[in-house]
Amino acid sequence: MTLELQNVILEMIARGEALQATIERLCLEVEALVPGTVCSVLSVDAGHLHPLGGPSLPHSYSAALDNLPIGPLAGSCGAAAFRGEAVSVTDIEHDPRWVNFKDLALPLGFKACWSTPIFSGDRVVATFAFYFRECRRPNDLERRIVDACIHLCSIAIEREERVCERQRLTYTDVLTGLPNRAKFNQVLSEHAKHGEGGWGVLLADLDNLKVVNDTFGHGTGDELIQVVATRIALVAGIGRAFRIGGDEFAIVVDKDPASSLSMLATRILEVIKEHAHCCGHVIVPGATLGGCLAGPGEPPDQVRQCADVALYHAKERSRGQFIEHSSGLGTTFTRRFRAIRDVSLALAEHRIHAHYQPIVRLDSGEVVGFEALCRMTTRSGEIISAANFHEATKDAHVAAELTHCMLSRVASDMRSWLDSGLPFQHVGINLSAADFHAGHLQERVCTVFAEAGVPLKHVILEVTESVYLGQRDHVVADEIKALRNRGMRVALDDFGTGFASLTHLLTVPVDIIKIDKSFIERLVPGDGAVVIVEGLLNIANKLGLRVVAEGIETDTQLEQLVSFGCKLGQGYLFSKAVDRDAATSLLARYGQHAAIDCLPLRA
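Mapped onto the working numbering, the consecutive letters of the sequence shown carry residue numbers 841 to 1443.
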């Protein structure tokens, strides 16, 4: 009889059927083998009992045993689990172990109960019980059946534990213990099945993890991630917070998200920014959040994407804060993708060209050099300025290709001017943040000009304040130092538009500052820009820096700059950016034949 029982249960285990269904089938099979008995299996977890199988017991009886602490007087099952050995109670009504539970059992006609612990290794994981309707002990047949049952239960429970552990590892982030990206995607899929709105997603991105890793080591960075994960989980609630990337977390908001999305984000930001002690260092964490509220019938993937868009905008414009998605935010992404597509196609079809705006001596009008500006020619022949496809330069691959194309074209044009004996000092070439972080910038720049045979003294690399001074790491500064050591000069472009201060002029290794046109256009009597520009020129002169005034458009501006002692400028007053042929003509007509000696490089 036991062999047939074993075959039935082992087959269910092999098929991977649910543990509760397997145990309940076991109980029913045993009750059929031993008429007049009722079987029950209770699991043991953290010292408490939980019903696992008892199909012939009333639900009210099983519910009364749920979460019951084990102990020497906790009935037959609680005592068996506590002692780790079988407990046979032949008289429930008068046994002290049943004092608190006999009123549950006696009305059901149960007069005796025999319970045996089920082990997994050296742990008691469950109990198997026989209820009898007369006061007696188990007979030999019942003992053999129970021996087989506890063995089968042990196999089924151990398999279930292995399955749960695999699932835990599959859906749990090892470092933080939070649910991982796979679990996050699973939760979103559940929302997809229901198709209801009224829920939301928050995405959080740590602002300073790279700085912490670079400064204190990855061990400190890992501990910071753990601290932040704990804080987010405490605010979000159990199972609502996920670690979905190295420094990125997600929170699924189900409860009244219309009012709580921003409130929850605010609480998370407040909790995260509290000082954290990581590997002996005091760290002040920071995070940026983006979120989206799901509308009725809105696909979860779209909600996630919209939250991503909001996070992107928050990182671009409001670091350390929260932005909720609105319909207009997706426009930037659309514009970026379109720009990347258009530039990539133009590069493949050789429709990227260099135009040149002359740098002029303000006292004589002579051309001393150019700023090379990127232009894209459409298939219809229209010339598009770089401002119209600037978003494409935020893609590292496209930015690298675009810069290489510009470097090659400028180097070729400069070689042509040198071969023709045309007088010019330098050409400035703009670099983006992506150019610095792509790696090997010095090698890439030097190789292009070496292959064209252009001395590096004729090259000026123009870097905007946002690229140079807005970086939190040393990559840009180190690259610029290396480039200057190779003989190139560096200009700080758009000076005064946001990041720069006079303090930076003492520490930033640049040779030229280019005063932004927003100051030049305000050179009218009574405007504060007059004082600022004059002061900058005096300071730069005493520091040994060249100054180029950008955006000169009127004679009044020119006269004002000359009166301040400004020597160089560019702007529509002299010429817009022109193609190579026009630039060649400008050099032939207005090139400075008696060139001013280049200023020495700063240390």
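The beta carbon of each residue, even a glycine, is placed where N, CA and C say it ideally should be.
- Just so you know, the alpha carbons of G915 and G1077 end up roughly 36 Å apart.
- Two segments are said to touch when three or more pairs of C-beta atoms, one from each, lie closer than 8 Å; by this definition the stretch 1387-1407 touches the stretch 1201-1215.
- Rounded to the nearest angstrom, the Cβ distance from A1150 to Q1161 is 11 Å, too far for a contact under 8 Å.
- Only residues of its own chain outside the window of five on either side were considered, and among them I863, L866, V881, I958, A966 and F968 have a CB closer than 8 Å to the CB of C993, listed in chain order.
- Listed as beta-bridge partners of R1215 by DSSP are H1193 and S1225.
- Minimum Cα-Cα distance from S1100 among the listed residues D931, L1042, I1360 and A921 corresponds to L1042.
- Around the beta-carbon of K1321, fewer than 16 other beta-carbon atoms lie within 10 Å, marking it exposed.
- Assignment of A1232 by DSSP, reduced to helix, strand and coil, places it in the helix class.
- A1044: member of the beta strand (DSSP E) spanning G1040 to L1046, first to last residue.
- Counting every other CB atom within 10 Å of its CB across the protein chains shown gives G1137 a total below 16, marking it as exposed.
- DSSP places C993 in the uninterrupted alpha helix (DSSP H) bounded by D980 to Y1011.
- In the displayed model, D1141 falls within a helix according to three-state DSSP.
- DSSP places P1198 in the strand class (E or B) of the three-state scheme.
- Within a 10 Å sphere around the beta-carbon of Q1397 sit 16 or more other beta-carbons, which makes this residue buried.
- The straight-line gap separating the alpha-carbon atoms of Y1152 and T1128 is approximately 9 Å.
- 8 Å or more divides the Cβ of L1413 from the Cβ of V1387.
- DSSP lists V1388 as the bridge partner or partners of K1354.
- The beta carbon of R1080 is closer than 6 Å to those of I1091 and V1092 in its chain, skipping five residues each way along the sequence.
- The DSSP-derived three-state label of G1409 is strand.
- One thing to note: L981 has its Cβ no nearer than 8 Å to the Cβ of V939.
- Taking each of S960, P936, Y971 and H1121 in turn and checking the Cα distance to P947, the smallest one comes out for Y971.
- S880 carries a strand assignment under DSSP once its states are collapsed to helix, strand and coil.
- No Cβ-Cβ contact shorter than 8 Å links V1207 with A1251.
- For S1415, the closest of E1001, E1361, Y1196 and E857 by C-alpha to C-alpha distance is Y1196.
- For T1060 and D1235, the gap between their C-alpha atoms comes out near 30 Å.
- In the structure shown, the three-state DSSP call for L1363 is coil.
- Assigned with DSSP and collapsed to three states, I958 falls in strand.
- Remark: fewer than three beta-carbon pairs, one from each stretch, lie closer than 8 Å, so the stretch 1014-1031 and the stretch 984-1003 are not flagged as touching.
- Taking a contact as a CB-CB distance under 8 Å, the pair A1226 and L1213 counts as one, their CB atoms being some 6 Å apart.
- Of the other Cβ atoms in all chains shown, 16 or more fall within 10 Å of the Cβ of M1254; this residue is therefore buried.
- Assignment of beta strand (DSSP E) within the stretch 1107-1174, counting only whole runs of 3 or more residues, yields 1116-1118, 1121-1123, 1127-1133 and 1162-1164 in chain order.
- Sequence-distant partners of V964 (beyond 5 residues in either direction) whose C-beta falls short of 6 Å from its own C-beta, in its chain, are V884, A921, G924 and P957.
- Out of I985, P909, T1424 and W1257, the CA that lies nearest to the CA of L843 is found in I985.
- Membership of R1324 in any beta strand (DSSP E) is not indicated; the residue belongs instead to the alpha helix (DSSP H) covering V1315 to N1325.
- Pairing T1010 with Q1066 gives a Cβ-Cβ distance that is not under 8 Å.
- The shortest CA-to-CA distance from L1064 to any of R1083, A1073 and A1116 is the one to A1116.
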